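S.K.: Protein chains in written order, with the numbering used here: chain A, 1 to 261; chain B, 262 to 522. Ideal placement from N, C-alpha and C gives every residue a C-beta, glycine not left out. Predicted model only: the values in this text are computed from it and were never measured. What follows is a structure written as structure tokens; I'll ask about it next.
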DNA sequence: TGTTTCATCTTGCGA
DNA sequence: TCGCAAGTTGAAACA
């Protein structure tokens, strides 16, 4: 194993400074818990008075400050040009600077509960993901299997006045079919967008144009608007789509179904 | 001080399990570094093969998994209904479940480099920030200072057909002025929105209607559309606005300018 | 580099 | 719960 760990419990600020400085120089992965205040100035200006924080400085220089609540960090700095540490009036001060946009994040810790340094951390293996484009591509590859209908696909990402149509196809009756894909439950907004595309297309052709929203589900308001607008909803099942798409990839791995029971 | 810390360096999995379980039960703040693999299934499906990770479970149940690079976590789970730990075939397994949307995140750690538990962490003090509403309010309070023009404000957040006008005012010539505020560089989208409001208002009144985009800057495309549409751009300076707004607040604190030098 | 679009967006507010 | 808008959004794709 290549990973080296070093940690201190409630270190003094002087001790902390030397460990932090060394970690930054070595481009190690630094995790620090302490009572800190933060200030940010750049695209906006913000700050927080002292509170308990977990501060992380990654090997690539990203700085992230978490409070005890929520998914989002309190402050951060993604593309730092420099991260520096020093002692300033009884605090350990970290300054993360970014050029373009010019931003500065200052973290001042009056007390440090815990400090850990990881050296030689490795990124690890690849990453699977099913996104909207993959759903669309799967539908184009096998319209009957995914949409339950024989369609001939004409174009994906077709530019039409208000933006881009996810996919344009032709059905067996020769009608144009505008397809809008959603990976999550579709709201009213998705229907409005689909409607804009359908209307834009109808204005430019004498052919009949259908609009189909492809999503796992739709909200009540979305369904009403579909109904009123004469548009269609095709439900898809993410799980089985995931299996179809990923099942084709060479490296097959255990499904989460195992865990879900 | 109320924060209690407990930490282990390279604990065995059994030892780690008991500490983790206890931390979860006590709703403590858990930070763990190890070699882990992750699987997520819910709104999407994703996963990563083993790699070095820092895993955080916050007192509110949020779970965040970071890899050694970048601002964004590899996996996360914001509003968990349950987080559980157990040993499974030589790994420490964490399962974070959320209902609605139904999602599950599974983290399996084969090795644990270190583990820290923080109890009694406090959110800490308030949070300063300049947002769009504050810019708007400051402009309404002092139109000459912020916009360089005498305006009489009629209404903020006025509902008009497509949505809400940020602010509606009247200029010295008695013309209506629709104001759209942006805290960051304005894109074409902001101009389109402003234009929709201006046109909606013109359709409902015989009075002359001006449209003013208030922003630190605008993209080239946005400026062209402003020009073509006969709308105006008023540039503002965030830094000085921040000083104006925050300077008024009772608790005056050191400016970041001190650090920027 | 700038601009646009996507995201397991998150978050907050309101109906 | 749904709809909507803002975010230091970040990150990727594209011109």
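Reducing DSSP to helix, strand and coil, say where residue 368 (chain B) ends up.
M.R.: On the second chain, position 107 is the one that residue 368 (chain B) refers to. Strand at residue 368 (chain B).
S.K.: Roughly how many angstroms lie between the CA atoms of residue 134 (chain A) and residue 370 (chain B), to the nearest whole one?
M.R.: Residue mapping note: residue 134 (chain A) aligns to position 134 of the first chain, counting from 1. Residue mapping note: residue 370 (chain B) aligns to position 109 of the second chain, counting from 1. Answer to the nearest angstrom: the Cα atoms are 30 Å apart.
S.K.: Measure the C-alpha to C-alpha separation of residue 91 (chain A) and residue 39 (chain A) and round it to an integer number of angstroms.
M.R.: The sequence position of residue 91 (chain A) within the first chain is 91, counting from 1. The sequence position of residue 39 (chain A) within the first chain is 39, counting from 1. For residue 91 (chain A) and residue 39 (chain A), the distance between alpha carbons rounds to 14 Å.
S.K.: Among the candidates A:44, A:177, A:159, A:164, whose CA atom is the shortest distance from the CA of residue 150 (chain A)?
M.R.: As a first step, residue 150 (chain A) is located in the first chain; it is residue number 150 there, counting from the start. If we check each option's Cα against that of residue 150 (chain A), A:177 comes out closest.
S.K.: Return the first residue and the last residue of the beta strand (DSSP E) that residue 7 (chain A) is part of.
M.R.: Walking along the first chain from the start, residue 7 (chain A) turns up at place 7. Taken as a continuous stretch (DSSP letters only), the beta strand (DSSP E) holding residue 7 (chain A) covers 4 to 9.
S.K.: Are the region 367 to 386 of chain B and the region 282 to 300 of chain B in contact at 8 Å, needing three or more beta carbon pairs?
M.R.: They touch, by the three-pair rule.
S.K.: Using only the alpha-carbon positions, how far apart do residue 336 (chain B) and residue 474 (chain B) sit?
M.R.: In the second chain, residue 336 (chain B) corresponds to position 75, counting from 1. In the second chain, residue 474 (chain B) corresponds to position 213, counting from 1. Approximately 38 Å between the Cα atoms of the pair.
S.K.: Classify residue 392 (chain B) as buried or exposed, calling it buried when 16 or more other Cβ atoms lie within 10 Å of its own Cβ.
M.R.: Your numbering for residue 392 (chain B) matches position 131 in the second chain. With fewer than 16 Cβ atoms within 10 Å of its Cβ, residue 392 (chain B) is classed as exposed.
S.K.: Using a C-beta cutoff of 9 Å, does residue 25 (chain A) count as contacting chain B?
M.R.: Mapped onto the first chain, residue 25 (chain A) falls at position 25. For residue 25 (chain A), the answer is no, since every Cβ of chain B falls outside 9 Å of its Cβ.
S.K.: For residue 332 (chain B), return the contacting residues in chain A, with the cut-off set at a CB-CB distance below 7 Å.
M.R.: Along the second chain, one-based indexing puts residue 332 (chain B) at 71. Within 7 Å Cβ-Cβ: 62, 64, 76, 78.
S.K.: Can you give me the Cβ contacts of residue 467 (chain B) inside the same chain, cut-off strictly under 6 Å, excluding the 5 residues immediately before and after it?
M.R.: For this step, residue 467 (chain B) is matched to residue 206 along the second chain. The answer is none, since no qualifying residue turns up.
S.K.: Assign residue 144 (chain A) to buried or exposed, taking buried as 16 or more other Cβ atoms, counted over all protein chains shown, within 10 Å of its Cβ.
M.R.: As a position in the first chain, residue 144 (chain A) is number 144, starting the count at 1. With fewer than 16 Cβ atoms within 10 Å of its Cβ, residue 144 (chain A) is classed as exposed.
S.K.: Whole beta strand (DSSP E) runs in the region 213 to 242 of chain A with 3 or more residues, listed along the chain?
M.R.: Counting only runs of 3 or more, we get 232 to 235.
S.K.: Compile a chain-ordered list of the residues in the region 299 to 325 of chain B whose CB is closer than 7 Å to at least one CB of chain A.
M.R.: Listed by position along the chain: 300, 302, 304, 305, 306, 307, 308, 309, 310, 311, 312, 313, 315, 317, 319, 320, 321, 323, 325.
S.K.: Please determine, among A:174, A:13, A:195, the residue with the shortest C-alpha to C-alpha distance to residue 89 (chain A).
M.R.: To locate residue 89 (chain A), count along the first chain from 1; it is residue 89. The shortest Cα separation from residue 89 (chain A) among A:174, A:13, A:195 belongs to A:13.
S.K.: Roughly how many angstroms separate the alpha carbons of residue 313 (chain B) and residue 4 (chain A), rounded to a whole number?
M.R.: In the second chain, counting from the first residue as 1, residue 313 (chain B) sits at position 52. In the first chain, counting from the first residue as 1, residue 4 (chain A) sits at position 4. Their Cα atoms are separated by approximately 11 Å.
S.K.: Since residue 399 (chain B) and residue 502 (chain B) are thought to touch, with beta carbons under 8 Å apart, how far apart are those beta carbons, to the nearest angstrom?
M.R.: If you number the second chain from 1, residue 399 (chain B) lands on position 138. If you number the second chain from 1, residue 502 (chain B) lands on position 241. Rounded, the Cβ-Cβ distance is 6 Å, consistent with contact.
S.K.: Hey, is residue 491 (chain B)'s beta-carbon within less than 9 Å of any beta-carbon in chain A?
M.R.: Within the second chain, numbered from 1, the residue matching residue 491 (chain B) stands at position 230. No, residue 491 (chain B) does not count as interfacial toward chain A.
S.K.: Return the CA-CA distance between residue 415 (chain B) and residue 444 (chain B), expressed in angstroms with no decimal places.
M.R.: For the purposes of this step, residue 415 (chain B) is taken as the residue at position 154 of the second chain. For the purposes of this step, residue 444 (chain B) is taken as the residue at position 183 of the second chain. Roughly 22 Å between the two C-alpha positions.
S.K.: Helix, strand or coil, according to DSSP, for residue 298 (chain B) in the structure here?
M.R.: As a working mapping, residue 298 (chain B) is identified with position 37 in the second chain. It is a strand residue.
S.K.: Quick one: does residue 270 (chain B) have its CB under 9 Å from some CB of chain A?
M.R.: Along the second chain, read from residue 1 onward, the residue named residue 270 (chain B) stands at position 9. Yes - at least one Cβ of chain A is within 9 Å of the one on residue 270 (chain B).
S.K.: Beta-carbon separation of residue 73 (chain A) and residue 383 (chain B) under 9 Å?
M.R.: Indexing the first chain from 1 puts residue 73 (chain A) at position 73. Indexing the second chain from 1 puts residue 383 (chain B) at position 122. No, Cβ-Cβ distance for residue 73 (chain A) and residue 383 (chain B) is not below 9 Å.
S.K.: Within 9 Å (strictly less), CB to CB, does residue 461 (chain B) reach chain A?
M.R.: Counted from its first residue, the second chain places residue 461 (chain B) at position 200. Closer than 9 Å: no.
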